[in-house]
Amino acid sequence: MDSVKVNVNLLPFADVQDSITKARNEWTETRNFNTAHHTTDEILAVVPEENGLRHVKPSIYPTRTSHWLGLIASTQGMRTWHVFEISRYLAEELASLYLTWCSGRHLGDDTRQELKSLFPKTTTVGVKAEDVFQGDKWFLRVDYCSAKDSEAGHSVVESLDNLIDRLYTSMRAIRAITDILEEDPREKPKIFLIPFNAAMDCSRECRVFCPPHKNRVAAISQYRWTEPFIFRDAATAQQEAHEIYSAACILHSQILEHAERTADAETRKRIQNEGFTFDILRPTSGDIQLVEINPFGAMSGCGSCLFQWIRDAKLLYGLKEQVELRFAV
Numbered sequence: 053m054d055s056v057k058v059n060v061n062l063l064p065f066a067d068v069q070d071s072i073t074k075a076r077n078e079w080t081e082t083r084n085f086n087t088a089h090h091t092t093d094e095i096l097a098v099v100p101e102e103n104g105l106r107h108v109k110p111s112i113y114p115t116r117t118s119h120w121l122g123l124i125a126s127t128q129g130m131r132t133w134h135v136f137e138i139s140r141y142l143a144e145e146l147a148s149l150y151l152t153w154c155s156g157r158h159l160g161d162d163t164r165q166e167l168k169s170l171f172p173k174t175t176t177v178g179v180k181a182e183d184v185f186q187g188d189k190w191f192l193r194v195d196y197c198s199a200k201d202s203e204a205g206h207s208v209v210e211s212l213d214n215l216i217d218r219l220y221t222s223m224r225a226i227r228a229i230t231d232i233l234e235e236d237p238r239e240k241p242k243i244f245l246i247p248f249n250a251a252m253d254c255s256r257e258c259r260v261f262c263p264p265h266k267n268r269v270a271a272i273s274q275y276r277w278t279e280p281f282i283f284r285d286a287a288t289a290q291q292e293a294h295e296i297y298s299a300a301c302i303l304h305s306q307i308l309e310h311a312e313r314t315a316d317a318e319t320r321k322r323i324q325n326e327g328f329t330f331d332i333l334r335p336t337s338g339d340i341q342l343v344e345i346n347p348f349g350a351m352s353g354c355g356s357c358l359f360q361w362i363r364d365a366k367l368l369y370g371l372k373e374q375v376e377l378r379f380a381v
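Counting in our numbering, the sequence shown runs from 53 upward without gaps.
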């Protein structure tokens, strides 16, 4: 780690904005930043398959909240969270209702009552559902993502009605639940309620890139790349960026240690062979926190933020003896 040079690249946000504007005027997405879903031929042209590396669309299985919630909770100072397992029938009903909602129709009272009757009466550790909703404020996740695209967005979940509304109006959540149904014909999808954190601000998040077989952090970008990053002081941006890198390296080690202690063999094997990314939050005060684990690679659906999976491939895949942190200012 000590031999790796750390380079902090502060991009003029005007250049990023120009790329966004040009793409918007052409009714397309910019190909200069935040790319994903590249072809095998595209990545093979710049990164050869060698030393165990194989270019495949990575599995999303290792990114499950189930695998990492304990570690996420410890970095965020969570003392309590709740997990519900919903029946496959309820999951299928929610998926069907999403299509109904997309057609412009909202949930009727009878349908809502039926859904509530199907919801588990207790959490996976036996806490009564009615006791979960006693004035506490929660944020909703399913195994592969949050429901932040629901009609209510990032808002607080304070009741079972809130929870149901977040689920059936979220394409992300419904797609993730459907993935669980398709992966294993016997598995019941999980619903996670974690304490609502008002400090969880995407403009303060970064994405950390950890390539396969390298056992290190290769690059870091601000997460919300369509806006300037918020540094405390422009004069100390370099120092702050190095602090982010140091914290990311510590979290990287904790992720690998957590996987060895608690994750199943498939998860451990895949994060080694396919790599991973993870998102971190730099709060206004306190330690940097782990937000979630994501897939890695040009063929994945993981956006590269201020990098470009093909143009920056040698850097992102750890083929350069340097780490780059990229922020728009």
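We put the beta carbon where it would ideally sit given N, CA and C, even for glycine.
#1: For GLU166, which option in LEU146, VAL184 and ASN86 has the closest C-alpha, if you only look at C-alpha atoms?
#2: Could you say which of THR319, PRO263 and ALA270 lies nearest to ARG106 if we only look at CA atoms?
#3: Quick check on the DSSP output: what are the complete alpha helix (DSSP H) runs of length 4 or more inside the region 59–139, in order along the chain?
#4: Please report the Cβ distance between LYS364 and ASN346, rounded to the nearest whole angstrom; I am assuming they are in contact, meaning their Cβ atoms lie under 8 angstroms.
#5: For a test of the three-state rule: what should DSSP assign to VAL269, helix, strand or coil?
#6: For the putative contact between VAL260 and ALA300, defined by C-beta atoms under 8 angstroms, what is the C-beta separation to the nearest angstrom?
#7: Run through DSSP, which three-state label would MET53 get?
#8: Answer yes or no: do SER118 and ARG322 have a C-beta to C-beta separation smaller than 8 angstroms?
#9: Are PRO241 and ILE229 close, meaning C-beta to C-beta below 8 angstroms?
#10: Would you mind stating whether LEU358 and ARG334 have Cβ atoms separated by less than 8 angstroms?
#11: Excluding the five sequence neighbours on either side, which residues of its own chain have a C-beta within less than 8 angstroms of the C-beta of SER148, listed in chain order?
#12: Rounding to the nearest angstrom, what Cα-Cα distance links THR82 and GLU279 in this structure?
#13: Which runs of the alpha helix (DSSP H) at least 4 residues long sit entirely within the region 163–212? Give them in chain order.
#14: State the DSSP-derived secondary structure class of GLY329, mapped to helix, strand or coil.
#15: Taking Cβ to Cβ, would you say GLY370 is nearer than 8 angstroms to LYS266?
#16: For my contact list, PHE191 and PHE248 are in at a C-beta cut-off of 8 angstroms; report their separation, rounded to the angstrom.
#17: Straight-line CA distance for VAL269 to VAL60?
#18: So within the region 303–355, which uninterrupted alpha helix (DSSP H) runs reach at least 4 residues, ignoring any that extend past its ends?
#19: Just the Cα atoms here: how many angstroms apart are SER298 and HIS304?
#20: Excluding five sequence neighbours on each side, which residues of the same chain lie with their C-beta closer than 7 angstroms to the C-beta of VAL108?
#21: For LEU245 versus HIS134, is the C-beta spacing smaller than 8 angstroms?
#22: Could you give the uninterrupted runs of the beta strand (DSSP E) lying entirely in the region 213–279, keeping only those of 3 residues or more?
#23: Once you ignore the five residues that flank LEU151 on each side, which residues in its own chain have a CB closer than 8 angstroms to its CB?
#24: Just list the residues that DSSP pairs ALA380 with in beta bridges.
Taking the geometry as given:
#1: Within the sequence shown, residue 166 is the residue found at index 114, counting from 1. Nearest option by C-alpha distance: LEU146.
#2: Looking up residue 106 in the sequence shown gives position 54. Answer by Cα proximity: PRO263.
#3: 65–77, 92–96 and 117–128
#4: Counting from 1 along the sequence shown, the entry for residue 364 is found at position 312. Counting from 1 along the sequence shown, the entry for residue 346 is found at position 294. First, the amino acid is wrong: residue 364 is Asp here, not Lys. No, ASP364 and ASN346 are not in contact; Cβ-Cβ is about 17 angstroms, not under 8 angstroms.
#5: Within the sequence shown, numbered from 1, the residue matching residue 269 stands at position 217. In the structure shown, VAL269 sits in coil (DSSP, three-state: anything other than H, G, I, E or B).
#6: The residue given as residue 260 occupies position 208 in the sequence shown. The residue given as residue 300 occupies position 248 in the sequence shown. VAL260 to ALA300, Cβ: 5 angstroms. Contact.
#7: Within the sequence shown, residue 53 is the residue found at index 1, counting from 1. Interpretation of MET53 is limited by its pLDDT of 48, a score under 50 that renders its predicted location unreliable; the figure taken from the coordinates is listed afterwards. Residue state, collapsed to three classes: coil.
#8: The count along the sequence shown starts at 1 and reaches residue 118 at position 66. The count along the sequence shown starts at 1 and reaches residue 322 at position 270. Not a contact, by the Cβ cut-off of 8 angstroms.
#9: In the sequence shown, residue 241 corresponds to position 189, counting from 1. In the sequence shown, residue 229 corresponds to position 177, counting from 1. Yes, they are a contact pair.
#10: Translated into the one-based positions of the sequence shown, residue 358 becomes position 306. Translated into the one-based positions of the sequence shown, residue 334 becomes position 282. Taking 8 angstroms as the cut-off, the beta carbon of LEU358 is found no closer than this to the beta carbon of ARG334.
#11: For the purposes of this step, residue 148 is identified with residue 96 of the sequence shown, where counting begins at 1. Excluding residues within five positions, none has a Cβ falling inside 8 angstroms.
#12: If you number the sequence shown from 1, residue 82 lands on position 30. If you number the sequence shown from 1, residue 279 lands on position 227. Their Cα atoms are separated by approximately 15 angstroms.
#13: 181–184
#14: By one-based count along the sequence shown, residue 329 stands at place 277. In the sequence under discussion, the amino acid at residue 329 is Thr, which differs from the Gly named in the question. DSSP places THR329 in strand when its eight states are reduced to three.
#15: Your numbering for residue 370 matches position 318 in the sequence shown. Your numbering for residue 266 matches position 214 in the sequence shown. Going by C-beta atoms, GLY370 is nearer than 8 angstroms to LYS266.
#16: Residue 191 sits at position 139 when you count from the first residue of the sequence shown. Residue 248 sits at position 196 when you count from the first residue of the sequence shown. About 5 angstroms; that satisfies the 8 angstroms criterion.
#17: Here residue 269 refers to the residue found at position 217 when the sequence shown is read from its first residue. Here residue 60 refers to the residue found at position 8 when the sequence shown is read from its first residue. Between VAL269 and VAL60, the C-alpha separation is close to 14 angstroms.
#18: Unbroken alpha helix (DSSP H) stretches of 4 residues or longer found wholly inside the region 303–355: 317–326, given in chain order.
#19: By 1-based counting over the sequence shown, the position of residue 298 is 246. By 1-based counting over the sequence shown, the position of residue 304 is 252. Cα to Cα, the separation comes out at about 10 angstroms.
#20: Indexing the sequence shown from 1 puts residue 108 at position 56. Here the set comprises MET351.
#21: By 1-based counting over the sequence shown, the position of residue 245 is 193. By 1-based counting over the sequence shown, the position of residue 134 is 82. Taking 8 angstroms as the Cβ cut-off, LEU245 and HIS134 qualify as a contacting pair.
#22: 242–247, 257–262 and 271–274
#23: Numbered from its first residue, the sequence shown carries residue 151 at position 99. Once the five neighbours on either side are set aside, LEU151 has no close Cβ partner at all.
#24: Taking the sequence shown and counting its residues from 1, one reaches residue 380 at position 328. ALA380 is bridged to LEU63.
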